Amino acid sequence: MRIDLYDSLGASQPFDSQKAYVTSPWFSSMTLAAIRGTIAVYTLVTLLVILIWQATVLRDVNGYFSYFTELTHIGICSYYWTSFTQTFIYALRQRHSIETTPEYPLQQWPRFLHLMHIMLESTVVSYPILVTVVFWALLASPTVFSTKFNAWSNLSLHILNSVWSLFEMIGTNSPAPRWCMLPCMIIILALYLAVAYITHATQGFYPYSFLDPSTSHSLLAGYIVGIGVAACIVFSLAKTIMWYRAKRTARKPSMATIEIRNLHGTQDDPLRLEPDAGLGKSEKSESMV
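Going by the UniProt record's numbering, the sequence shown opens with residue 1, and the numbers climb by one from there.
In structure tokens, the structure reads:
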């Protein structure tokens, strides 16, 4: 039997017919766009201020893109700018179109971009929490809050990052990532590990001290495996939270449905979401056993 990789990873056709990526069970689409836009602006400002500070004050900007924390935050920023744009356009079309559920631009783009959006969203609901856990468990030092800048940057990169992740899990209708996406998340972590050692070979430092084999010795393998296991646990928790949110909110009309009814005077529920919206075909069969 032929396996459709796109479908296995969540990019089935037609893409997002229930408009899950641009709606919320709690807010109207325009309100969701405003929230996503605010987060997008804040994360962009955070990245730029830290980059400029390191370049002009600390004179140490060469390793900026070698840290998983910064790379993860770039992912958050990219996702929220993308989702803000898609949600805002959908909200505008919804208000000015005769269709009850008009399409948003991403739905009309190539299938490969659908998959990239799903993969980016999967990193946003998993990596930030992993970063927060690893930082406060292994890396935090007394200098974390030593200055106002350190306090703000660490709160933004290592606490608010998880807030943005949790908002995407709970505050939107975005479907839970498929289990098939988990290997992709692990592969990305493995590729970052290669980046860390390339950084040492080219710039002479390890982005994270526990990756130094001369100091970690036999613990190095334990750290790497432990972070991999933690990534699997965080991914599973994120998937469970999103599945439970979908299950709880599927029993009542969402704000998106109420908005459609108010705008178009209909009692239909064209955006009814099922709690197993994030499951593949095989996973749906298992959930019914």
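Beta carbons are placed, not taken as given, at the ideal position from N, Cα and C, and that holds for glycine.
The structure displayed is predicted, hence computed values, not measured ones.
Within the model, the alpha-carbon separation for Leu115 versus Phe145 is close to 39 Å. Here Leu58 carries a coil assignment [DSSP, helix/strand/coil]. Burial check for Trp164: the Cβ neighbour count within 10 Å reaches 16 or more, so the residue is buried.
Below 8 Å, enough C-beta pairs join the region 157 to 173 and the region 73 to 92 to call them touching: three or more.
If you draw a straight line from the Cα of Phe84 to the Cα of Leu32, it is about 8 Å long. For Ile89, the closest of His158, Ser17, Ala34, Leu5 by C-alpha to C-alpha distance is Ala34.
Minimum Cα-Cα distance from Leu120 among the listed residues Lys247, Phe135, Pro175 corresponds to Pro175. By the C-beta density criterion, Gln203 is exposed, having fewer than 16 other C-beta atoms within 10 angstroms. Sixteen is the threshold: since fewer than 16 other Cβ atoms of the shown chains lie within 10 Å of the Cβ of Arg251, the residue is exposed. At the C-beta level, Tyr6 and Arg178 stay beyond 8 Å of one another. In the three-state reduction of the DSSP assignment, Asn173 falls in the coil class.
Between the alpha carbons of Ser122 and Ile233 lies a distance of about 14 Å. For Tyr197, the enclosing alpha helix (DSSP H) begins and ends at 181 to 203. Relative to the Cα of Gln13, the nearest Cα in the group Leu113, Ala91, Thr43, Val195 belongs to Leu113. Distance check between Leu237 and each of Gly226, Pro105, Phe149, Leu182 places Leu182 closest, using alpha-carbon atoms only. Between the alpha carbons of Arg93 and Val225 lies a distance of about 47 Å.
DSSP, reduced to helix, strand and coil, places Phe15 outside both helices and strands of the structure shown, so it counts as coil.
8 Å or more divides the Cβ of Leu71 from the Cβ of Val61. Per DSSP, Glu121 is one residue of the alpha helix (DSSP H) stretching across 111 to 124. Apart from sequence neighbours up to five positions away, the residues of its chain that approach Leu9 with a beta-carbon distance below 7 Å are Leu115, Ile118, Arg178, Cys180, Met181, ordered along the chain.
With a cutoff of 8 Å on beta-carbon distance, Thr199 and Ser66 are scored as near each other. Taken in chain order, the complete alpha helix (DSSP H) segments of 4 residues or longer contained in the region 124 to 169 are 127 to 134, 148 to 158. CA-to-CA, the gap between Tyr104 and Ser29 works out to about 12 Å. Rounded to the nearest whole angstrom, the CA to CA distance from Ala91 to Leu106 is 14 Å. Counted as a single uninterrupted DSSP element, the stretch harbouring Gly63 is not any alpha helix (DSSP H), since DSSP gives it neither H nor E. With fewer than 16 other Cβ atoms inside 10 Å of its own Cβ, Ala194 counts as exposed. Shortest Cα-Cα distance from Thr249 to any of Gly75, Val134, Gln86, Trp26 involves Trp26. In this structure, the beta-carbon distance from Gly63 to Val124 does not fall below 8 Å.
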